[in-house]
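Visitor:
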Amino acid sequence: MHSDPATGQTIKSYLPPRFRVSRDDARCIRCQVCENQCSFSAQRYDQEEDRMVAVDRSCVGCHRCEALCPTGAICIEPSPSTYRENANWTAREIRNLNRQAETGGVLLSGMGNDRPYPIYWDHLLLDASQVTNPAIDPLREPMELRTYLGRRPDALEVAPDGSLLTRLEPQLALEIPLMFSALSYGAINLNVCRALAMAATACGTYYNTGEGGLHESLYCYSPNTIVQVASGRFGVHLDYLEAAAAIEIKIGQGAKPGVGGHLPGEKVNEAISSTRMIPLGTDALSPAPQHDIYSIEDLRLLIYALKEATRYIKPVSVKIAAVHNCAAIASGIARAGADIIAIDGFRGGTGAAPTMIRDNVGIPIEFALAAVDSRLREEGIRNQVSLVVGGGLRSSADVVKAIALGADACYLATAALIALGCTLCQQCPTGRCGWGIATNDPVLARRINPELAAERLANLLQGWAMEIREMLGGMGINAIESLRGNRLRLRAIGLTDRELDILGVLPAGQ
Amino acid sequence: MPTIVPNEEYCIGCRLCEIACMVEHSGCSDVFKALRPGRPRPCPGTVVEVEGDRALSISCRHCDHPPCVLACLTGAMHRSPEGRVVVDRKRCAGCWTCVLVCPFGAVAKGPDRKVASKCDFCPGRDRPACVEACPNRALRVVEGTA
Amino acid sequence: MKARHHVIVGNSAAAIGAVEGIRSVSREDLVTVISAEPHHCYSRPLIAELLAGELSPGDLGYRPADFYQAQGVRALLGRRVEAVDAELHGVTLEDGEFIPYDRLLLATGSVPIRPDIADADGPGVFVFNSIADAQALADATRGTRRAVVAGGGLIGMKAAESLHRRGLQVTVVELAPRLLSSAFDRAAGRLLAARAEAAGLRLVTDNAVVAVERKAGMVAGVRLADGSLLPADLLVLAVGVRPNLALAAGAGVHVNRGALVDDQMLTSAPDVYAAGDVAQGPELLSGEPRVLPLWPVACRQGQVAGTAMAGQPRDYPGGLAHNSLTLFGLCAMSAGRVEPEPGDTELAHGDGNGTYHKVLLRGDRLVGACAVGAVDRFGILTGLILDGQPCGFLRHSFPAFPVRLLSLPQEYRLARLGG
């Protein structure tokens, strides 16, 4: 509902609810767990009638109540109320139009693009060994997943006594080719940040602070921390840079290329205000561009300013969204002195983004990766940077395919949050996340116990690592290095010739 | 002796511990059958307090020097051979002196209002039902904190 | 270290507390319990249920039947101690036996006060303090219709309710303007009185029984101070109890209202301790020695005496008055002060529907609490009075009840709950 400022009249919404809380009353024990767990006030106990009552209109489909109901009495369903079939004017379009008619504002969403664009991972298939180049059993043979991210020299000069003469640029050492991608403190709460830091540390990899700054209690995880310098420069000070294993300059993110970060004021509490160095309760809007980077030369200046400030001992990464000319952009970034290029595809998640931009801007990471890797190889500078890709990678299979396409390592964020309970209800901007993830409300944030969450995240990484080893072994490969950019181990199905060309992959059967 | 230690940092006030306790002590393992409306419910051995943005599940500490055992008018409140503080229901006279003296408020009037009711640390289980049921690890069994 | 011989005169709350206190320290020390009553230790408050006919004497046992044997205690039951020789360190029994002691505990309890009532001697007039009293009274109710209970305190009201449950018409006569004034304030007392009256009890306040009217030697009625006459078939004297100091003087024990003891229950006589209703020991709030004739206080005093007697004294900050009473189904609890003193803050609230709560604060310190009707988790308040924990938050949270541990500082919880 919304008040018209001119007339004071409320503009009502007559939309049917999106979800229905379906309760088997015969199984309901009136324990009221659903009521105390629903952060959208969609459940209440009616004392007089002695029964639970649902407010379907308030339900956002997060499934928290269903998950915790001790008798399994609840089922959250899409509302059976339907419009007449219309492939052009779908229920989603009708809903969006009504919302805008009510509010006159920009439609905001959380998490990544949910539209049915093709998923190219699902058109790629992996090879396996049969007869020749036999498969390797990862439980019996050593399997190297260790990955280094950083600038590699063009050539190595070795002294007669075997010592290395060439000075090596700083590298990040990852035990597995997986890292946690940027999740800003503020978009998520400190308990989740801590869990990511703990899990990254336990698994010998890294997590990324995003543009929320680094909370003081997380400095102990420095050796496994990548800090971000984004357009709002939130929380960027010298200690912040010193605390990092690597520094990432954020030019863009896959969910909203061309737009800056957005943390709604409701989510800016005392701790976030002090960590981000912004006033309490204000929207934290990052500018679209970094206002001191208007050319590739400016980027070079910032990269080297950061390297100077940290005495050249930390790799500097540059993160871009996957957009049309990302191959040329990446080439420029490599030549500007970046050690790592991170590319975020259009499925990338976010705490808040304009829906139109989230759903219509950017390109799939599969294409961006293939294009960037090919271009850098063509220009003979592929060794100058490591490529890290992210944007809705869902499984170890997606990761293996990404590495075969040319990635050095993969960034995970949405998958990590799903491991903590996220059901992609897309209500992140409200700050009422029922799973305690995308909220700073102290009551809700308690739902993430960092110890428990870190275990789940570590389990995720270990499980994927094991699967990667299995898939590599299946291909007769015992080192991740051998898979990198090895597009011959991929085949495609259901793609056009042009797509095959861009991806540099042969069709299945050939 | 191990006790249940609640963690107010991670208690989400869901009350699943209370439910698990009631099911465990209902004589019925199906949560729905045990707590069906109309069926008499045992008193949960743990109380979930909620105040402001905090919640906490509080149960008997099975103290080394239990005030309830000392004050009990009939000797019904006593220490079991395993060291747990338990109520002998046949001897309890429902005088509620235990409720009067427990500084944790961990003793309740039983559902029939005749006999005192409290946590018995779930004899016969490896871990108390409440600890297992907690979805956020806000209850732990810790050695020697009584 | 040679085993000591502890002699305990008495067999109730304080005595058993002492036995367990001694045994928690030493299994070698010898312990002898001497009691004039012939029964195994029993829960004295349950004589109300005995009188009501809901329990039989065998149900009143306070400890298992093998208690004395299991604790290695010699129990001389049904034998009275006549005198104490503090110099010789021995007690003389009624039958002449002399029993020496290294340490002596006087746990002789209290005796009912017999007020000055004309013609009270004779059949039909009872006190209510022991199994024998309850049995005599129960027998006397056969064929009678009306009872008068002199005294509207804890004992009087319990006796009255039990007689009511036996089917008698009961009238309680209380000297003060209100009932239960030792344990409850006017508002709480009135709620309990209302419940009793609703159940059929008659209550007379600001009055006292001054004479028994007899016909053919049997009680026919009682005359009150205001001149009125109440028809009655039996009279129960329950105006109060006083410490049973029969042995104290002979033991050379300094007495005031009761036997004066320090914070280890030691009297002025060497190696002589006193605990329970007979003792006048430290009281937590006032710092003054007080007689607190309450079961849980006696248990604790006995335990303190026992550990001290066995050579391992424990800290004792003093007793606290605290009561749990259920009268005609209405529960009431109180702890600490009943009435505010100058400088106390009194916060009281009744919902008009049988529920009442009150707390007394002195500065930020909780010094008294009372609850009627809704008494869940009352012990938290008792604990706060005992701890001396600052309770300023009650000024804002009152009348919310129960009081939550979450209202207290986190350090308080961490210290007591662990973690």
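Protein chains in written order, with my numbering: chain G, 611 to 1120; chain F, 50 to 195; chain X, 91 to 509.
Note that beta-carbon positions come from the ideal geometry of N, C-alpha and C, so glycine has one too.
This structure is a prediction, so every number in the text was calculated from the model and none was measured.
Does DSSP put His-1123/G in a helix, in a strand, or in coil?
Guide: No answer is possible for residue 1123/G: the residues shown for chain G start at 611 and end at 1120.
Visitor: Along the segment 141 to 159 of chain X, what residues have a CB closer than 7 Å to any CB found in chain F?
Guide: The segment 141 to 159 of chain X vs chain F, Cβ under 7 Å: Tyr-152, Arg-153.
Visitor: I'd like to know whether the C-beta of Val-1053/G is nearer than 8 Å to at least one C-beta of chain F.
Guide: Working through the first sequence from its first residue, we reach residue 1053/G at position 443. Yes, contact with chain F.
Visitor: By the criterion of Cβ-Cβ separation under 8 Å, what are the contact partners of Asp-466/X in chain F?
Guide: Translated into positions along the third sequence, residue 466/X becomes position 376. Going along chain F in sequence order, the residues near Asp-466/X (Cβ under 8 Å) are Val-148, Gly-154, Ala-157, Lys-158.
Visitor: Taking Asp-175/X as part of the beta strand (DSSP E), name the residues at either end of that continuous run.
Guide: Position 85 of the third sequence, counted from the first residue, corresponds to residue 175/X. Unbroken beta strand (DSSP E) run through Asp-175/X: 171 to 175.
Visitor: Just tell me which of Ala-881/G, Ile-923/G, Lys-860/G, Tyr-829/G has its CA closest to the CA of Lys-929/G.
Guide: Your numbering for residue 929/G matches position 319 in the first sequence. The option with the nearest alpha carbon to Lys-929/G is Lys-860/G.
Visitor: If you count every other CB in all the chains shown that lies within 10 Å of the CB of Cys-421/X, and 16 or more means buried, which is it?
Guide: Residue 421/X sits at position 331 when you count from the first residue of the third sequence. That one is buried.
Visitor: Can the beta-carbon of Pro-575/X be found less than 8 Å from the beta-carbon of Leu-450/X?
Guide: Past the boundaries of the shown model lies residue 575/X; chain X is included only from 91 to 509, so the question cannot be answered.
Visitor: Please tell me whether Ala-677/G and Arg-633/G are closer than 8 Å, where the distance is taken between their beta carbons.
Guide: For this step, residue 677/G is matched to residue 67 along the first sequence. For this step, residue 633/G is matched to residue 23 along the first sequence. It is not a contact, given that the beta carbons lie outside the stated cut-off.
Visitor: What residues in its chain sit with their C-beta under 8 Å from that of Leu-774/G, if we drop five residues either side in the sequence?
Guide: Locating residue 774/G in the first sequence gives position 164, counting from the first residue. If we look at Leu-774/G and ignore the five residues flanking it on each side, its Cβ neighbours are Leu-766, Glu-767, Val-768.
Visitor: What three-state label does DSSP hand Phe-977/G in the structure shown?
Guide: By 1-based counting over the first sequence, the position of residue 977/G is 367. Here Phe-977/G sits in helix by DSSP.
Visitor: If we require 3 or more residues per run, which beta strand (DSSP E) segments fall completely within the segment 890 to 932 of chain G?
Guide: Listed in chain order, the complete beta strand (DSSP E) runs (minimum 3 residues) inside the segment 890 to 932 of chain G are 926 to 931.
Visitor: Examine chain X for any beta-carbon lying closer than 8 Å to the beta-carbon of Thr-123/F, and answer yes or no.
Guide: Taking the first residue of the second sequence as position 1, residue 123/F is located at position 74. At least one chain X Cβ lies under 8 Å of Thr-123/F.
Visitor: Since Gln-393/X meets chain F, which of its residues come closer than 8 Å, beta carbon to beta carbon?
Guide: As a first step, residue 393/X is located in the third sequence; it is residue number 303 there, counting from the start. Per Cβ cutoff of 8 Å: Leu-119.
Visitor: Can you list, in chain order, the residues of the segment 638 to 660 of chain G whose Cβ is nearer than 9 Å to any Cβ on chain F?
Guide: So the close ones are Cys-638, Ile-639, Arg-640, Cys-641, Gln-642, Val-643, Asn-646, Gln-647, Asp-660.
Visitor: Less than 8 Å between the C-beta atoms of Pro-86/F and Met-71/F, yes or no?
Guide: Here residue 86/F refers to the residue found at position 37 when the second sequence is read from its first residue. Here residue 71/F refers to the residue found at position 22 when the second sequence is read from its first residue. For Pro-86/F and Met-71/F, no; Cβs fall outside 8 Å.
Visitor: Please list, in chain order, the residues of the segment 481 to 497 of chain X that have any C-beta partner in chain F closer than 7 Å.
Guide: Answer set for the segment 481 to 497 of chain X: Pro-492, Arg-494, Leu-495, Leu-496, Ser-497.
Visitor: For Ile-950/G, write down the residues that DSSP places opposite it in a beta bridge.
Guide: On the first sequence, position 340 is the one that residue 950/G refers to. Its beta-bridge partners are Ser-927/G, Ser-996/G.
Visitor: Just to confirm the assignment: which complete alpha helix (DSSP H) runs, minimum length 4, are found wholly within the segment 314 to 393 of chain X?
Guide: As far as the segment 314 to 393 of chain X is concerned, its whole alpha helix (DSSP H) runs of at least 4 residues are 338 to 341.
Visitor: Within 10 angstroms of the Cβ of Cys-685/G, are there 16 or more other Cβ atoms? Answer buried if so, exposed if not.
Guide: On the first sequence, position 75 is the one that residue 685/G refers to. So Cys-685/G counts as exposed.
Visitor: Which residue's Cα is closest to the Cα of Thr-742/G: Arg-1101/G, Met-1085/G, Gln-1072/G?
Guide: Translated into the one-based positions of the first sequence, residue 742/G becomes position 132. For the residues Arg-1101/G, Met-1085/G, Gln-1072/G, the minimum Cα distance to Thr-742/G belongs to Met-1085/G.
Visitor: Please return the same chain residues whose Cβ sits closer than 6 Å to the Cβ of Leu-253/X, not counting the five positions on each side in sequence.
Guide: For the purposes of this step, residue 253/X is taken as residue 163 along the third sequence, with counting starting at 1. Cβ neighbours of Leu-253/X beyond the five flanking positions: Ala-237, Val-260.
Visitor: Is it the case that the Cβ atoms of Val-148/F and Pro-51/F are separated by a distance below 8 Å?
Guide: On the second sequence, residue 148/F is found 99 positions in, with the first residue counted as 1. On the second sequence, residue 51/F is found 2 positions in, with the first residue counted as 1. Not a contact, by the Cβ cut-off of 8 Å.
Visitor: Kindly list, in the order they appear in chain X, the residues whose Cβ is closer than 7 Å to that of Arg-103/F.
Guide: Looking up residue 103/F in the second sequence gives position 54. In chain order: Leu-496.
Visitor: Using the DSSP secondary-structure output, state which residues sit across from Tyr-502/X in a beta bridge.
Guide: Here residue 502/X is taken as the residue at index 412 of the third sequence, counted from 1. Answer by DSSP bridge pairing: none, since Tyr-502/X is not bridged.
Visitor: What does DSSP give as the partner residue(s) for Asp-656/G in the beta ladder?
Guide: Reading the first sequence from its first residue, position 46 is the one you call residue 656/G. Bridge partners of Asp-656/G: Arg-661/G.
Visitor: Under a Cβ-count criterion, where at least 16 other Cβ atoms within 10 Å of its own Cβ denotes burial, should Met-611/G be classed as buried or exposed?
Guide: Counting from 1 along the first sequence, the entry for residue 611/G is found at position 1. Here Met-611/G scores only 47 on pLDDT, less than 50, and its place in the model should not be relied on; the value that follows carries that caveat. Exposed.
Visitor: Check each candidate in Lys-139/F, Pro-93/F, Pro-115/F, Arg-186/F and name the one with the smallest Cα separation from Arg-133/F.
Guide: Taking the first residue of the second sequence as position 1, residue 133/F is located at position 84. The candidate whose alpha carbon is nearest that of Arg-133/F is Pro-115/F.
Visitor: Over what stretch of residues does the beta strand (DSSP E) that includes Thr-52/F continue unbroken?
Guide: Stepping through the second sequence from its first residue, residue 52/F is reached at position 3. Counting along the chain, the beta strand (DSSP E) containing Thr-52/F begins and ends at 52 to 55.
Visitor: Which word fits Thr-892/G, buried or exposed, when buried means at least 16 other C-beta atoms lie within 10 angstroms of its C-beta?
Guide: Residue 892/G sits at position 282 when you count from the first residue of the first sequence. Answer is exposed; the Cβ neighbour count stays below 16.
Visitor: Run through DSSP, which three-state label would Ala-266/X get?
Guide: Residue numbering aside, residue 266/X sits at position 176 when the third sequence is read from its first letter. If DSSP states are grouped into helix, strand and coil, Ala-266/X belongs with coil.
Visitor: Would you please verify whether the beta carbon of Glu-880/G is less than 8 Å from any beta carbon of chain F?
Guide: Here residue 880/G is taken as the residue at index 270 of the first sequence, counted from 1. So no, Glu-880/G is outside the interface.
Visitor: Within the 8 Å Cβ cut-off, does Thr-397/X reach chain F?
Guide: For this step, residue 397/X is matched to residue 307 along the third sequence. So no, Thr-397/X is outside the interface.
Visitor: Cβ atoms of Ala-1012/G and Leu-1003/G: under 8 Å apart, would you say?
Guide: The count along the first sequence starts at 1 and reaches residue 1003/G at position 393. The count along the first sequence starts at 1 and reaches residue 1012/G at position 402. The answer is yes: Cβ separation under 8 Å.
Visitor: Identify the contact partners of Cys-144/F in chain X, using a Cβ-Cβ distance below 8 Å as the criterion.
Guide: On the second sequence, position 95 is the one that residue 144/F refers to. Within chain X, the residues near Cys-144/F are Pro-135, Ser-414, Thr-416.
Visitor: Where Gly-990/G and Arg-945/G are concerned, what is the direct C-alpha to C-alpha distance, given to the nearest angstrom?
Guide: On the first sequence, position 380 is the one that residue 990/G refers to. On the first sequence, position 335 is the one that residue 945/G refers to. One C-alpha to the other measures close to 11 Å.
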